[in-house]
Every structure is written in structure tokens, then in C-alpha cells.
Amino acid sequence: MFSQFPSPESCFGIPFPAFEGGFTPWDSQEQLSIFPPPPEEPAVVLEPPQEPVISRSGSDNSKPHNSGSVSSKNLRTVSDKTYRSGDPIDERKRRRMISNRESARRSRMRKQKDLENLSNKVNRFKIGNRELMNRLRLVVYHDQILRRENDNLRWEEAVLRQRLRDVRQVLLVRQLQQQLNSTAWPCNSFTSINEEHIPHQSLIS
Numbered sequence: 001m002f003s004q005f006p007s008p009e010s011c012f013g014i015p016f017p018a019f020e021g022g023f024t025p026w027d028s029q030e031q032l033s034i035f036p037p038p039p040e041e042p043a044v045v046l047e048p049p050q051e052p053v054i055s056r057s058g059s060d061n062s063k064p065h066n067s068g069s070v071s072s073k074n075l076r077t078v079s080d081k082t083y084r085s086g087d088p089i090d091e092r093k094r095r096r097m098i099s100n101r102e103s104a105r106r107s108r109m110r111k112q113k114d115l116e117n118l119s120n121k122v123n124r125f126k127i128g129n130r131e132l133m134n135r136l137r138l139v140v141y142h143d144q145i146l147r148r149e150n151d152n153l154r155w156e157e158a159v160l161r162q163r164l165r166d167v168r169q170v171l172l173v174r175q176l177q178q179q180l181n182s183t184a185w186p187c188n189s190f191t192s193i194n195e196e197h198i199p200h201q202s203l204i205s
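In full-length UniProt numbering, the protein residues as written are 1 to 205.
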């Protein structure tokens, strides 16, 4: 009995083409309504259409599917924008954290290097101070030796001066004795000559 009635598609003469992917426009709209709007940018959220538009022309049959694909693309772009909008902040934080760590590490290395340089300078100064102290002790030792030698030389000088004075005095005494002896010798010779002449004269007279 029902086989006698023609099908609706043959009555109206407008065949409905098969939808791509096996989904009807209503199914695509229901799938789109499942996705929640992004929380960070509520102004960009796209609401699904309330009444699906069914086109009977062959060229308009692809519009419902295209609108669904466009809305899904828009949701993807919104989510991508949201994700990308968070990425630079995290990237900046990460870079700032890395730069802070690097600066802290460089600061520690610089302080450690300065500390090592200062410790090396202190060690060099200690070595130099020790060498100067050794030189000073050596100079003091030589100074004491020279002072002793100088004292000895001065004592020897005093002794030699005293000896020289004694020798001069002895020489002066000898010279005086010689002079006295030389002056006494002519007197003795004159008296002896006179005594010899006197007896001869007495004999002659």
C-alpha cells in the first residue's frame, strides 16, 4: 500500500544531496555548541545559530558545513590566540628568570674572582713583607758587625796614637841628651889643653 505513494523526493523534484562526512547541518551545529567559549577573551566567543538554514539549491548545500568549519576554525584561532597570548608572558618570565640566574652566577663568579685576587695579593704582600723583614734583619746584623769593627778600629787608633806620642817623647829625650852631650864635650877639651900649656910655661921660666 505504501509502495504506491511516490517518495517525497520524487514529488517535489528537489533531491537532497548527501552531506559530506555523514553529518547534517544540525549535527554540526550541535557539535559546535559543545565547545565552551574561551575564558580569557569572552568577547570573541561565537554563538551557534539558533535556526539552521537549509538551502535547496545544489550550490547552497555546502554552506551549513562551511559555516561549521569556519566556526571551528575561529574557535581554533581564538584558542591559539589565547595560548599565544600567554606564551610571550611565560617566555618573558622564563627569559627574565634565566637572565637573573645568569647575572647572579656572573656576580658570584666575579666576587669569587675578586676574592681570589685579593687573597693572592695578600699572599704576595706577606711574602714581600717576609723578604723585607729578612733583609732588615740582615742589614741590622751587618750594622752591628760594622759598629763593632768601627769600635775596634777606634780603639786601635787610640792605642797607636798613644804609642806615637811615646815614641816622640823618647826621640825628644834622646835628642836632648845628644845636644847636652855635644855641648859638654868642647868645654872638657878646652880645660885639658890649658892644663897642658901651664907646666911648659913654668919650666921655661
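Every residue, glycine too, gets a C-beta built ideally from N, C-alpha and C.
All values reported here derive from a predicted model rather than from experimental measurement.
Item: From residue 105 to residue 129, what does the alpha carbon distance come to, in whole angstroms?; Value: 35 Å
Item: In whole angstroms, what separates the C-alpha of residue 122 from that of residue 89?; Value: 48 Å
Item: Below 8 Å CB to CB, which residues in the same chain sit around residue 156 once its five sequence neighbours on both sides are set aside?; Value: none
Item: With a CB to CB cut of under 6 Å and the five nearest residues on each side skipped, what residues in its chain are close to residue 152?; Value: none
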